[in-house]
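Inspection log for the structure reproduced underneath, given as structure tokens.
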Amino acid sequence: MNNPVMEEQFRAGFINFVMIRLHLSGLAIITLLVFLLYPSQPISYFLARSVKPEMFNIALYTSLTFLSYLTIKAAILSIQNTKIISIRDWFLYTKISVISYLWGRISYGLFYTTFILLLLMPVLLVSGSVSAIGPLNILAVLLFMYLLMLNIYLIGLLFFTLFKKQHWMMTLIIWIIVILLFFLSPNLFPDEHPALLLMKLQRSGSLSEDLKTPLITSIISIFFLLFCSWLSLFLYHRRVHG
Amino acid sequence: MNKYSCILLLQFSLFSLFLSAQSIDHSFALGFNGNYRENSWTPLIIRLSNHGKSLSGQLIVETENSSTAYEQKRQYIKPLDLPSGSLKEISFVLPLGHHSNDIRYYFQSEEILVFENTISLKQKGVKRNLILGVSPFPDLGYLNKHPIVDSRAISYPHVNNLPENSNAYDSVDIISMHREMMDKLSGSQFEALTGWVNQGGVFVVWGGKSPSPDKWNYLPSTIKGLKRIEIKTVEKFGEFQLPAGSFLINSLETENKNSLISYNGDDLISRRKSGLGTVYFVSFDYSGKLRNWQGLNELWNIIFDSEIDEDAFTEKMREYFLLEDYISILDHSGFNYQDKMNSGLILFLSLSAFVSLLIFIRFRRKSVHLYTFIACLMIFLLLLSSIIYISLYSKKFRTDCFIVSSNVIYSHGLSDQSHLFKDILVGSSNKTSSDIIIHDDTRSVLKQEKFENLIIFENPEIHINNIQLGQWSSKIFRLERSMKNILTMERKTNYPENTVVIQNHSDYFIHNTFLYKNGSFLNLRNLHPWDTMTIEISDFTDNGLYTNSNILELSTVELYTGLFRNEEVLVFGGIINEELFPLSFSQETWKKKTINLILATDETEGDKYE
Numbered sequence: 002m003n004n005p006v007m008e009e010q011f012r013a014g015f016i017n018f019v020m021i022r023l024h025l026s027g028l029a030i031i032t033l034l035v036f037l038l039y040p041s042q043p044i045s046y047f048l049a050r051s052v053k054p055e056m057f058n059i060a061l062y063t064s065l066t067f068l069s070y071l072t073i074k075a076a077i078l079s080i081q082n083t084k085i086i087s088i089r090d091w092f093l094y095t096k097i098s099v100i101s102y103l104w105g106r107i108s109y110g111l112f113y114t115t116f117i118l119l120l121l122m123p124v125l126l127v128s129g130s131v132s133a134i135g136p137l138n139i140l141a142v143l144l145f146m147y148l149l150m151l152n153i154y155l156i157g158l159l160f161f162t163l164f165k166k167q168h169w170m171m172t173l174i175i176w177i178i179v180i181l182l183f184f185l186s187p188n189l190f191p192d193e194h195p196a197l198l199l200m201k202l203q204r205s206g207s208l209s210e211d212l213k214t215p216l217i218t219s220i221i222s223i224f225f226l227l228f229c230s231w232l233s234l235f236l237y238h239r240r241v242h243g
Numbered sequence: 008m009n010k011y012s013c014i015l016l017l018q019f020s021l022f023s024l025f026l027s028a029q030s031i032d033h034s035f036a037l038g039f040n041g042n043y044r045e046n047s048w049t050p051l052i053i054r055l056s057n058h059g060k061s062l063s064g065q066l067i068v069e070t071e072n073s074s075t076a077y078e079q080k081r082q083y084i085k086p087l088d089l090p091s092g093s094l095k096e097i098s099f100v101l102p103l104g105h106h107s108n109d110i111r112y113y114f115q116s117e118e119i120l121v122f123e124n125t126i127s128l129k130q131k132g133v134k135r136n137l138i139l140g141v142s143p144f145p146d147l148g149y150l151n152k153h154p155i156v157d158s159r160a161i162s163y164p165h166v167n168n169l170p171e172n173s174n175a176y177d178s179v180d181i182i183s184m185h186r187e188m189m190d191k192l193s194g195s196q197f198e199a200l201t202g203w204v205n206q207g208g209v210f211v212v213w214g215g216k217s218p219s220p221d222k223w224n225y226l227p228s229t230i231k232g233l234k235r236i237e238i239k240t241v242e243k244f245g246e247f248q249l250p251a252g253s254f255l256i257n258s259l260e261t262e263n264k265n266s267l268i269s270y271n272g273d274d275l276i277s278r279r280k281s282g283l284g285t286v287y288f289v290s291f292d293y294s295g296k297l298r299n300w301q302g303l304n305e306l307w308n309i310i311f312d313s314e315i316d317e318d319a320f321t322e323k324m325r326e327y328f329l330l331e332d333y334i335s336i337l338d339h340s341g342f343n344y345q346d347k348m349n350s351g352l353i354l355f356l357s358l359s360a361f362v363s364l365l366i367f368i369r370f371r372r373k374s375v376h377l378y379t380f381i382a383c384l385m386i387f388l389l390l391l392s393s394i395i396y397i398s399l400y401s402k403k404f405r406t407d408c409f410i411v412s413s414n415v416i417y418s419h420g421l422s423d424q425s426h427l428f429k430d431i432l433v434g435s436s437n438k439t440s441s442d443i444i445i446h447d448d449t450r451s452v453l454k455q456e457k458f459e460n461l462i463i464f465e466n467p468e469i470h471i472n473n474i475q476l477g478q479w480s481s482k483i484f485r486l487e488r489s490m491k492n493i494l495t496m497e498r499k500t501n502y503p504e505n506t507v508v509i510q511n512h513s514d515y516f517i518h519n520t521f522l523y524k525n526g527s528f529l530n531l532r533n534l535h536p537w538d539t540m541t542i543e544i545s546d547f548t549d550n551g552l553y554t555n556s557n558i559l560e561l562s563t564v565e566l567y568t569g570l571f572r573n574e575e576v577l578v579f580g581g582i583i584n585e586e587l588f589p590l591s592f593s594q595e596t597w598k599k600k601t602i603n604l605i606l607a608t609d610e611t612e613g614d615k616y617e
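Those sequence lines, one after another, are chains A and B. Mapping of the first sequence onto this note's numbering: position 154 corresponds to residue 155, and the numbering continues sequentially without gaps. Mapping of the second sequence onto this note's numbering: position 610 corresponds to residue 617, and the numbering continues sequentially without gaps.
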């Protein structure tokens, strides 16, 4: 753990008791939901109507909301009971470069996104198995979900580098963007809408074809967001050092 | 001869060898002279002649439907040996729908494609049944003006292209054939034709000169030879009018009951019932003067009248079958989720393991191994999730592939034959592929289907190979075959007015029998094998039926009797425990439930019982 930014993030955000409580309560709520919504009808009920139990979709979207909340929280460093070093202090009092600061934030983002996704994975996989989603399909859904979370984290990070500190306006803007992009009516993005893509991937027979475009789009958007964050930090770094 | 000319000669000989190896001529005959009815079984004859070396392989016919919801692809495979110089004729019977794309057939020898061809289906399909004229005489062109023919297409297939399987006549109402052509029919073609007549076809045979003793027996009259009759003036007899002139006719000897029209003691037209169908023999053919003869209208009216009207139940069963119709059966099939508690337990265990690990990490936060602990926790989570998923997804943990099958034997009155309709519903919530093998006689017909990748091996049993089920999907297979009548229901004249006599002609014990009319049931006793039951019909108010039946039986009975809901017919029915149409699945994990229902209706109008 060479990067001081990552280490600070780790100690502040991850081992914080409030955060653990948050993780656990989220997990408990989704688990309870899955257990309560476990299908009681005979299998033939669904087969005859050519519908599958919607358990996986319910678990998926609840998890998505919860994970978005947590990633945005992590990206904008709004961690309760913790004093966080501001970007200005990092640049002014340590000799950290823009790249290592960004690397610290991103590596934590990667780690944290993986962690919370793994946290909810047992619940997601149980509901996925009840909804009879094949192993490859479920892996594709999880991969796409991971990229989504990473994008959300980077959006949060970009706005944090623009605002430099926590502000309610920033949180509001990020949430509006996330809702617009991922949760609002699919009419806005009829072909590339993430919610529709997540449903499509669940039943897709040709995953390589269906995953190709969303994968490329998310990777391009990840690099774009990274570049924007770097540019914003670079300009700030120059301003701080006169 | 120098080196180069040797090489050239060698190349030339190799090339000619290659050409001779590939020399298989092939031609096909689809439907009846290229015509077929949409959504019915259609004959396809492929003729192969091999001029090259001997080959053995498989002849494969592929049909593909591009309907809106499903992409259906079927393969019909026949193993074939083609010795050098041989000429072979291979016949198939294919269901062609209105969505069918062009048919492709190819011959494959040791996985090498020897030849392939495509049959274009451009606008050959018609909506209504066909009338076949299997000879240039009599000329059926006259029939185009007949009011009853309407939009029915008349087709003129060559006698060699007639099918060898009675199912292929699925779309044919009437076959009109000159006797000379009838003599040319091969044994199997003739058998197929008579099989079709027994199932309700109308077969009209005209004139002819040549003798052919083996097939005379089938006609309603015995042919004694040829005879010339003179009709001097236009004469009337019955509804017919013969034109004046001299006509060559077959001299017939006919039983009284078979004779339809006779003139001066000579039988002109005779008729005989054969099974459910009718065979006509007309001693003259209408060429020459008879071509525009007015009396033909009347003759064809009689022929059209003898077409059997399918009763409402059989007709409804022949329609496309929807899964929605089976929802009540599926809902009561009793295949449930049983792993709710197991999943809950797994979730609870994983949650508590996670919590304890997390708390452990929190207390060890000062440790240098903190990151190792977190990494371990993540790996643990990953493994746990995978194990849960794999264990839940595997078939041992939750077998949710099932089959519900219903066998309905239906007899219409005192008819010689019953119909067995077998519906097989296969469903799975996982992706599965399996086979269905039905050990039964080869005349079983797969009637309607909704599936892809079907391979049917017709001999010696029906083998529906490789049923691919996607996630959360189900499929219906409908099989139909004729069998000997096992139950009769009739009203005897010497009995009181409101009495029906039901006789079980089978070895099956029929329990939970009922009488059904207009949505009401009358509960009856059990019917033993070869037992006769005489019932005086009282009022149909008793709905408290099937006290010993399960819900699956009940809903099956309701589904099928529901087809009689708007009709004033009296239905007798019951449930049989025996397997009528033994069925085996290659995958033993599939759960199976079967219902055998027997139904019979009376030919007499229902109103008479009131």
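No residue lacks a Cβ here, since even glycine has one placed at the ideal position from N, Cα and C. These numbers were taken from a predicted model, which means no experiment stands behind them.
So M385/B contacts chain A; which residues on that side make the cut at Cβ distance below 8 Å? T115, F116 and L119
What does the alpha-carbon distance come out to for the pair L121/A and E586/B? 49 Å
Return no unless some Cβ of chain B is closer than 8 Å to the Cβ of M150/A. no
Segment contact, 8 Å Cβ cut-off, at least three pairs: the region 57-70 of chain A with the region 123-143 of chain A: yes
DSSP-derived helix/strand/coil call for V100/B: strand
Please report the residue range of the beta strand (DSSP E) in which Q424/B lies. Q424 to S435
Shorter than 8 Å from the beta carbon of D312/B to some beta carbon of chain A? no
Counterpart residues of R572/B in DSSP-defined beta bridges: DSSP, once it has assigned bridges, lists no residue as partnering R572/B.
Members of the region 557-585 of chain B that neighbour chain A once the beta carbon cut-off is set at 8 Å: none
Cα-Cα separation between N257/B and L233/B, rounded to whole angstroms: 5 Å
Evaluate contact between the region 64-84 of chain A and the region 41-49 of chain A, counting only Cβ atoms and requiring at least three cross-stretch pairs below 8 Å. no
Could you check where the beta strand (DSSP E) with A141/A kicks off and where it finishes? Unbroken run through A141/A is the alpha helix (DSSP H), P136 to F164; no beta strand (DSSP E).
Does the distance from the C-beta atom of Y113/B to that of L103/B stay below 8 Å? no
CA-to-CA distance, T495/B to P227/B, given in whole angstroms: 27 Å
Backbone secondary structure at S207/A - three-state DSSP: coil
So that I know if they touch, is there some Cβ in chain A lying closer than 8 Å to that of W479/B? yes
Is the separation between the beta-carbon of N573/B and that of F516/B shorter than 8 Å? no
Might you give, ordered along the chain, the residues of its own chain that have their beta carbon closer than 6 Å to the beta carbon of L94/B, omitting 5 neighbours on each side? S56
Under 8 Å between C-beta atoms of G110/A and Y154/A: yes
Decide if H165/B is buried, meaning its Cβ has at least 16 other Cβ atoms within 10 Å, or exposed. exposed
Hey, is F342/B's beta-carbon within less than 8 Å of any beta-carbon in chain A? yes
Leaving out the 5 sequence neighbours to the left and right, which residues in its chain are closer than 6 Å to A607/B when beta-carbon positions are compared? S418, L494, M496 and F579
With a cut-off of 8 Å on the beta carbons, I'd call R488/B and L421/B a contact; round off their distance for me. About 20 Å; that fails the 8 Å criterion.
For L391/B, which residues in chain A fall below 7 Å Cβ to Cβ? P123
Using a Cβ-Cβ distance cut-off of 8 Å, determine whether S436/B contacts chain A. yes
Helix or strand or just coil, what does DSSP make of R278/B? strand
If we cut at 8 Å on Cβ distances, does I44/A have a partner in chain B? yes
For chain B, check one thing: does any of its Cβ atoms lie closer than 8 Å to the Cβ of G27/A? no
Beta-carbon within less than 6 Å of S195/B's beta-carbon, same chain only, minus the 5 sequence neighbours each way: which residues are those? E171
With 8 Å as the threshold, decide whether the Cβ of K53/A is near any Cβ in chain B. yes
Output needed for D32/B: all residues of its chain with C-beta closer than 6 Å, excluding positions within five of it in sequence on either side, in chain order. S56
In three-state DSSP terms, what is E6/B? The shown model of chain B, from 8 to 617, leaves out residue 6/B, and the question about it has no answer.
Just the C-alpha distance for M150/A and I117/A, rounded to the nearest angstrom, thanks. 10 Å
Taking the alpha-carbon positions, what's the D90/A to H242/A distance? 12 Å
Just checking: is the beta-carbon of G135/A within a distance shorter than 8 Å of some beta-carbon in chain B? yes
Interface flag, L198/A vs chain B, CB-CB below 8 Å: no
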